[in-house]
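4 protein chains.
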Amino acid sequence: MKIEGPEAYIESLRKLERRIYVLGERVENPTDHPLIRPAINCVAETYNLGDEPEAEELLFVKSHLTGERVSRFTHIHQSTDDLVNKVLMQRLLGRRTSTCFQRCVGMDGFNALYSVTYECDQACGSEYHQRFKDYLRFVQEENVVVDGAMTDVKGDRSLRPADQADPDMFVRVVERQADGIVVRGAKAHQTGSLNSHEILVMPTTAMRENEGDYAVSFAVPADAEGITFILGRQPSDTRKMEGSPLDVGNPKYGSQEALIIFDDVFVPWERVFMCGEHEQSGKVVERFAAYHRQSYGGCKVGVGDVLIGAAQLASQYQGIDNVSHVRDKITEMVHLNETLFSCGIACSSRGEATPSGCYMVDMMLANVCKHNVTRFPFEISRLLQDIAGGMVVTMPSQKDFENPEVAPYLEKYLKGSADVPVMDRMKILKFIENMTMGCGAAAYLTESIHGAGSPQAQRIVIRRLADLDEKVKYAKRLADIE
Amino acid sequence: MKIEGPEAYIESLRKLERRIYVLGERVENPTDHPLIRPAINCVAETYNLGDEPEAEELLFVKSHLTGERVSRFTHIHQSTDDLVNKVLMQRLLGRRTSTCFQRCVGMDGFNALYSVTYECDQACGSEYHQRFKDYLRFVQEENVVVDGAMTDVKGDRSLRPADQADPDMFVRVVERQADGIVVRGAKAHQTGSLNSHEILVMPTTAMRENEGDYAVSFAVPADAEGITFILGRQPSDTRKMEGSPLDVGNPKYGSQEALIIFDDVFVPWERVFMCGEHEQSGKVVERFAAYHRQSYGGCKVGVGDVLIGAAQLASQYQGIDNVSHVRDKITEMVHLNETLFSCGIACSSRGEATPSGCYMVDMMLANVCKHNVTRFPFEISRLLQDIAGGMVVTMPSQKDFENPEVAPYLEKYLKGSADVPVMDRMKILKFIENMTMGCGAAAYLTESIHGAGSPQAQRIVIRRLADLDEKVKYAKRLADIE
Amino acid sequence: MKIEGPEAYIESLRKLERRIYVLGERVENPTDHPLIRPAINCVAETYNLGDEPEAEELLFVKSHLTGERVSRFTHIHQSTDDLVNKVLMQRLLGRRTSTCFQRCVGMDGFNALYSVTYECDQACGSEYHQRFKDYLRFVQEENVVVDGAMTDVKGDRSLRPADQADPDMFVRVVERQADGIVVRGAKAHQTGSLNSHEILVMPTTAMRENEGDYAVSFAVPADAEGITFILGRQPSDTRKMEGSPLDVGNPKYGSQEALIIFDDVFVPWERVFMCGEHEQSGKVVERFAAYHRQSYGGCKVGVGDVLIGAAQLASQYQGIDNVSHVRDKITEMVHLNETLFSCGIACSSRGEATPSGCYMVDMMLANVCKHNVTRFPFEISRLLQDIAGGMVVTMPSQKDFENPEVAPYLEKYLKGSADVPVMDRMKILKFIENMTMGCGAAAYLTESIHGAGSPQAQRIVIRRLADLDEKVKYAKRLADIE
Amino acid sequence: MKIEGPEAYIESLRKLERRIYVLGERVENPTDHPLIRPAINCVAETYNLGDEPEAEELLFVKSHLTGERVSRFTHIHQSTDDLVNKVLMQRLLGRRTSTCFQRCVGMDGFNALYSVTYECDQACGSEYHQRFKDYLRFVQEENVVVDGAMTDVKGDRSLRPADQADPDMFVRVVERQADGIVVRGAKAHQTGSLNSHEILVMPTTAMRENEGDYAVSFAVPADAEGITFILGRQPSDTRKMEGSPLDVGNPKYGSQEALIIFDDVFVPWERVFMCGEHEQSGKVVERFAAYHRQSYGGCKVGVGDVLIGAAQLASQYQGIDNVSHVRDKITEMVHLNETLFSCGIACSSRGEATPSGCYMVDMMLANVCKHNVTRFPFEISRLLQDIAGGMVVTMPSQKDFENPEVAPYLEKYLKGSADVPVMDRMKILKFIENMTMGCGAAAYLTESIHGAGSPQAQRIVIRRLADLDEKVKYAKRLADIE
């Protein structure tokens, strides 16, 4: 592995020459930009052994390609144990960061493409699988971060890719050359893209015969010619630029999404993993989505652990931790959080090998997992706000605590339990603000709805896999029909 | 009425000489401060006839004291029709502003104190009621905004007011003088306090015999000597200071909460409405809370109307308004919103006259109303985010749209339905961000939990009023027991 | 009023010569049949002043036709107070019986037809309104029970009435004669029909131009030639025939539904209230449904009162009434029940006069009311079972308690709190069984879903009345669009 | 294995000479009693290979004691695969029977006692483990059905076992003799006890030092001297005695619970597995409960499969299977059901070996599993009733269909889709009645709340295992506290 640890990772980003826009301005040094750095800190944790005894086993694993120890984020799942360990790793990193650590999209993209390129070669006589393995070996050896980029901007949702007024609403091949292809389009909501060395593009939906140019998958360096990144805004984002860590709530970590523009970007053939095989495109989507829906049964559970801790701490700081309704609400938070974890574990332990050897999660249960994630974090968040109290949205700013005319009033009047420093109480309440309605909420709430596919996407899969005909047979037999 | 309309109201605020701190700095011109002005614009709507035909009847009413046309916000409810009209007025203003318009606390305070001062005089031989009527006449004639201030900072929640380490955790009388009293303490979460001419203080809980100094109610001008205001932060608050109305989402309106410090403030006797009658204090809390819990069945329903409209609009802009699951989710939003409205109406139409003539809401149903408000807005908000899509938290900033290097990409790739301008789509999505996780969420979500008392406060009342003994009798009779 | 009280009512039923089948056999004396009598006892309560001081005002009212005191069940609502009193009456009778008291369908039918016949005459030049008033005067004077019969059997739900394989799937006119019409078809789920003197038929859906024969409304005596009743089964129904009141749970009261067959029944013109005016048929359905959806905000709330009492009593009998989670669950039951009540009150107090003078409920809120009734009773029932314990479905029979070999064991081992007779504990648990999974559940649960229209029927109305265009305008104005 | 198949099992029951009371009468031939036989048919399925290819692997397994093929119901879990296969077996049998198949209590008792006797011997120097293995070998070899009997009648729930007015409210040792012990008391809610050859008694709660006589575990034959069984009633139970399979709904299968009285029953020492070791008693309860809470993630999911099939079938029979809201409701039923399955799988795959070698489920997740089972089946049931329509509780009886005067009406008017026989439609609707409010509901609803411990029991464990201190640390680290 070339990138050996968190610091090396951060340094490695400095070498990329990317075109990045933040709040309307081109950023020359994104690595130290206060809106981006917390997200980089998050990804850096994926390189960090930390102090948890189980971290080595969870974060690192033996490559089936090289036999070397590699980051699990670059690994192809070889067993259901690998699938389970992925979820455990995600819970661990969710606990460390309390937000999205952004490297799962690459991992989930690798595993989806690994099996589909294999099956595509079998079906179409193509040679994508070896090419993809070569790329993966590079990723494992260099230990780079790869943005698995799927979601197109989509234009009018009621129209197919080929029927849009503007043909570029889905990323497509605009030119085939001897040594590669030229692509155009944009990928939206690209979590962690500003922290990635590489971008791995996949189609966003099952393409039809007349949509072959949209059935394209490839990898490019993040600083390839023609690529532009535009950072999205999050609630309370600019607090990170105010020099007031208290007001940020989660001062060290954050997530981040960007819009990536591909303005006629050249991709050499050795980095092209699908190009026209429209009938294979649906499988990439389905598998990437399933892996990523599994992921939410780990990462969001880790965040949930922190929120439960925050609820408990806030209740202690305010002298209500032994009140029965508070105890009951925290129990409910735990119950909901562990239900999500159960779903993450279940779809993993019920996984099965694909013909390529790569293990796939149970697709029904992975969709069920994510579908619960579109619901329970909202209730957990509501309960957390209930316990924390209204102060969450009425607290003064850090600068008020620094103003000698006002600070004494705040020290006196914002005191909770006598033995708790006022500032500690403020810190946990600001953290709760961040998680329920600030930057953290973008990751814990909105992303929980829409990441890896909006709720309806899961319902479609759940219904498709429900095997209603079989279930009708059970009912008929018992009711003595026919 | 002295203050005749919105502009006059705004000008009237300029005359107040208050001590206000915002983000750590004393503000000399709060009226034009970008963090405060949207909240002022909200309150100004309470002076604005607007273009709704029903507004005259809802916003204005004949005073029972003077027979003159006064603002309903200064009126004592004379009938259940008045109670119902209050809710209708609140729904109307919620629709106009999509946030808290901040003047209800005063109205609810007037009505609570009107009946309690009457009953206190009957029970204790005091003379508060006439005094209070004189004050109310002043309020009606001048048409000033009054902050009904109840919530104390409370310190350690497991201790009574008299048992706190610092005796000032609840506002109290520190000195009784010939011409008035001196008070000390702080009121937290004071909605609209920076937009008020007057502050009307009430006790925050039922006081006991040894807590007479805490059983105090009075009114003071907002610029009285010894008063300091410290503005609380809200999610994404400083976007209002960036000069980017797009990113604010709801550019014109907002709400606001401040911490008010009473540092030995003098109050003349003619503005004192309770002073030591501890056994009357609980009634003030109970009645103010009930009126204010009723209020949520109006104002939040108005906000809900806007959110339903935003969901419908976002779905149209993205070409999904005829998809069955989207239609069904919007129907659910309407159902939940109208359930809240039903609760607001029911507790009003079941109101009854108090001995003072002032009408009181049905206390059970008012608590049921608010208790539903602690739940449904969260589900409405979740459904809204579901329909809006992930773009809500990944949109670029207004400044990106203004940068000529990036703007063309955004115009091209963020296009939804072909006939909808990109900027319109962005506007509604930013509005949804504001309402579900920005400033608007502070009012629509957190305040819906904690405003007018946290959920458990309602449960205690609901249980107390449930008359379980009577219900046991019904069950016994039917089951033939005894 | 001819029928003056409960006993007179029961006697009056004996005079009817009806064709009734119960469990496969024709019943000669339905009035004393153990499966029917508890339902008759329920209806008898509508004639019973009882011991509640408010009963006189709720159960009886001055007729606007005659000025005489008549049963509210035969009254045309003259004000919103009448609408509110209807709900209060229903809550009172729900408390008395803990089931459906079956006379509301007639009342709701009267009120729907009163205004529609008026408007039909205006639109079509017909003379139904006077005819209907004559009929109503007869009903009021005789104080008879009338089954408002709407739901057709419907055949294949995906086909219109005129497109069914069998044209009789919706009640229709098969012959028009000089002195009347001949009708054929069946009405399903006819609550209280075996306790009624008269049947008032209405169309079940909005008919189209080619469906004029289905747009028919009329009244006939329950013992008219050609009518057959077939009683439906309910869970645990035959316990009523075992001579074991304990096992019945609610030994005195019950509800009942029958299928009514109209096998070429003759109706004289003076009892025909619609015959071919297809464009008026939808209004009858809509209004009857709205009135009946309002009704659920009264009657089921009364049942809820009893269930809350049963929960409290069962918890006392088992020594757990002061446990915090039990207290909290009972509070939740109260909260849900009062929310339903709020909806019943709100749609009533927001009612408005129709051109006929008859008051109509607020249609949006009446649908919202019923839609909540399709949900909350299930949760109330679940909480009740939670508190009651598993004994609800594992209790021995009354006959075991009567067997001297076994009774001592039961007396010893089924003892709960020391001061509570075993049999009292058994009685309340059997009552809970009845209400959550026995006969009572048919009325409290299934009927709460499907009575007055299944959930989707309400959603369609709610969406139709939501005025989304107006709400879109609010959102646009605030987001500064256009 | 001595009992080789379903028929042999049924015959084996005839040899037992038991004292059984049903509806107040002693039953001489319980095996053919219509109230008991459906439950016997259920247990017989545990002996039936059936036609599912996976049944052999799920129903049978190699004994770790003898190496022989034994029923999984008599097996000690040797791995997490065993734990998972247990859940899969339960889902399979749930599908076959659509009710409780009653043999899990024995299996869960074996596994709990296996590890606790081992640990008890280590701690106390007792010799229970070998004794228990001998007993287990007998069970495996004879392949008998064993009732795992835990729940005592408990008397006043607010009092400890030793503090009850009657000391027999918990099963206890009343005499210690040279060759055995004499026990007295009763076990309530004994699922499957009338179908069992043996009764395996365990304590129902953690006993204290002064409660040693209550810390007792033993096995006795079901026909031991001094044992009396009294069958509990279930909703609609006597329909099984009417000779109308249609009205039963699920005509072949059922469950059953009895009260077992131990009136000074002698137990030889070789069948005593705990006697006075009070500090070990809590572990038995905790482990039995955890295994049994896992079980619900299998069996109820199998029932759920049938209910989903019933919903789909009913919708087809009525022509509404392609309506969007019906499709959506069925999708929701699947989602909820698979969530329960995920919980069953997760607690199994996260199981771990105890010192005895027996595998224990993950206790947190097993409790989370059951806790969801106390909620979701109620919503599944509500959705099923929604889709089925009100006919579920208004259908005529089978006897009406057999009466030639009435049958033609029913054939004509109860017809749904033209190509579906009326009787098929009736069968599925009666089945749905059974499952949502008849005998089937006792197992699917009430048992889902209270079986293996009431909801609060799970919440207590969930909170205890939540490790809030650790979670507080995560929150503190991120909020930079300390």
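Protein chains in written order, with our numbering: chain A, 1 to 482; chain B, 1001 to 1482; chain C, 2001 to 2482; chain D, 3001 to 3482.
We put the CB at the ideal spot given by N, CA and C, even for glycine.
Looking at chain A, which residues of the stretch 1278 to 1309 of chain B have a Cβ within less than 9 Å of any of its Cβ atoms? With the criterion set as a beta carbon lying under 9 Å from some beta carbon of chain A, the stretch 1278 to 1309 of chain B has no members that meet it.
With 16 other Cβ atoms within 10 Å as the buried cut-off, status of L3049(D): Counting Cβ neighbours within 10 Å, L3049(D) comes out exposed, since fewer than 16 surround it.
Could you please tell me which residues of the stretch 1076 to 1093 of chain B, in chain order, have their CB closer than 9 Å to any CB of chain C? Result list: T1080, V1084.
Opening and closing residue of the beta strand (DSSP E) in which V1265(B) lies: Segment 1257 to 1268, the beta strand (DSSP E) holding V1265(B).
Closer than 7 Å by C-beta to R3103(D): which residues in its own chain qualify, once you throw out the five before and the five after it? Chain order, please. Correct list, in chain order: V3043, T3046, F3073, V3145, G3192.
With a 10 Å radius around its C-beta and 16 neighbouring C-beta atoms as the bar for buried, classify N210(A) as buried or exposed. N210(A) should be labelled exposed.
Identify, in the order they occur along the chain, each residue of the same chain with its Cβ nearer than 6 Å to the Cβ of S3281(D), setting aside the five sequence neighbours on each side. For S3281(D), where only same-chain residues beyond five positions count, the Cβ hits under 6 Å are P3203, A3206, M3207, A3215.
Just the Cα atoms here: how many angstroms apart are E338(A) and W1269(B)? Spanning the two alpha carbons is a distance of roughly 58 Å.
Check distances from the C-beta atoms of the stretch 164 to 187 of chain A to those of chain B and list, in chain order, the residues that come in under 9 Å. Contacts with chain B (Cβ-Cβ distance below 9 Å) from the stretch 164 to 187 of chain A involve Q164, A165, D166, D168, M169, G185, A186, listed in chain order.
As assigned by DSSP and simplified to three states, the class of G254(A): Three-state result, G254(A): coil.
How far does the alpha helix (DSSP H) with I1432(B) in it extend, from its first residue to its last? 1422 to 1437 is the extent of the alpha helix (DSSP H) around I1432(B).
Cα-Cα separation, Q458(A) to P3455(D): So the alpha carbons of these two residues sit roughly 29 Å apart.
Excluding sequence positions up to five away, which residues of its chain have a Cβ less than 8 Å from the Cβ of A1353(B)? Closer than 8 Å at Cβ, skipping near neighbours: Y1359, M1360.
By alpha-carbon positions, which one of V3061(D), R3018(D), V3267(D), P3038(D) ends up nearest to G3440(D)? Nearest of V3061(D), R3018(D), V3267(D), P3038(D) to G3440(D), Cα basis: P3038(D).
Interface residues of chain D facing K427(A) [CB-CB closer than 8 Å]: Those are A3479, D3480, I3481, listed as they occur along chain D.
To which residues does DSSP link D1147(B) through a beta bridge? The partner list for D1147(B) (beta bridge, DSSP) reads I1199(B).
Can you find a CB in chain D that lies within less than 8 Å of the CB of F2101(C)? By this cut-off, F2101(C) is not an interface position.
For A3224(D), name the three-state secondary structure that DSSP assigns. DSSP places A3224(D) in coil when its eight states are reduced to three.
Check whether the Cβ of I2199(C) lies closer than 8 Å to any Cβ atom in chain D. It does not; no Cβ of chain D falls within 8 Å.
Can you tell me which of R3375(D), Y3009(D), V3284(D), Y3296(D) puts its alpha carbon nearest to the alpha carbon of E3142(D)? Closest option to E3142(D), judged by alpha-carbon separation, among R3375(D), Y3009(D), V3284(D), Y3296(D): Y3009(D).
I want to know whether the stretch 3416 to 3429 of chain D touches the stretch 3311 to 3318 of chain D - three or more CB-CB distances under 8 Å. The answer is yes - the stretch 3311 to 3318 of chain D touches the stretch 3416 to 3429 of chain D, with three or more Cβ pairs under 8 Å.
Per the DSSP calculation, K2002(C) is bridged to which residue(s)? The partner list for K2002(C) (beta bridge, DSSP) is empty, contrary to what the question assumes.
Partners in chain C for M1364(B), counting only beta-carbon separations shorter than 8 Å: Residues of chain C passing the Cβ test: E2338.
So, are the CB atoms of Q1140(B) and V1070(B) less than 8 Å apart? In terms of Cβ geometry, Q1140(B) and V1070(B) form a close pair [threshold 8 Å].
Residues of chain D with CB closer than 8 Å to the CB of F431(A), please, in chain order. For F431(A), the C-beta contacts it makes with chain D under 8 Å involve A3475, L3478, A3479, in order along the chain.
Simplified DSSP assignment, three categories, for C2275(C): Residue state, collapsed to three classes: strand.
contact_flag[the stretch 1293 to 1306 of chain B, the stretch 1252 to 1264 of chain B] where n(CB pairs < 8 Å) is 3 or more: Counting C-beta pairs with one atom in each stretch, the stretch 1293 to 1306 of chain B and the stretch 1252 to 1264 of chain B have fewer than three that are closer than 8 Å, which means they do not touch.
Measure from the alpha carbon of Q177(A) to the alpha carbon of each residue in F266(A), I449(A), S349(A), G24(A), then state which is nearest. Minimum Cα distance to Q177(A) is reached at F266(A).
If you draw a straight line from the C-alpha of T1097(B) to the C-alpha of Q3318(D), how long is it? Taking the straight line from one Cα to the other gives about 48 Å.
Which residues in chain C have a C-beta closer than 7 Å to the C-beta of C1343(B)? List them in chain order. What C1343(B) touches in chain C, judged by beta-carbon distance under 7 Å, is T2339, S2342, going in chain order.
At a Cβ threshold of 8 Å, is H1450(B) touching chain C? Answer no: the Cβ-Cβ gap between H1450(B) and chain C never drops below 8 Å.
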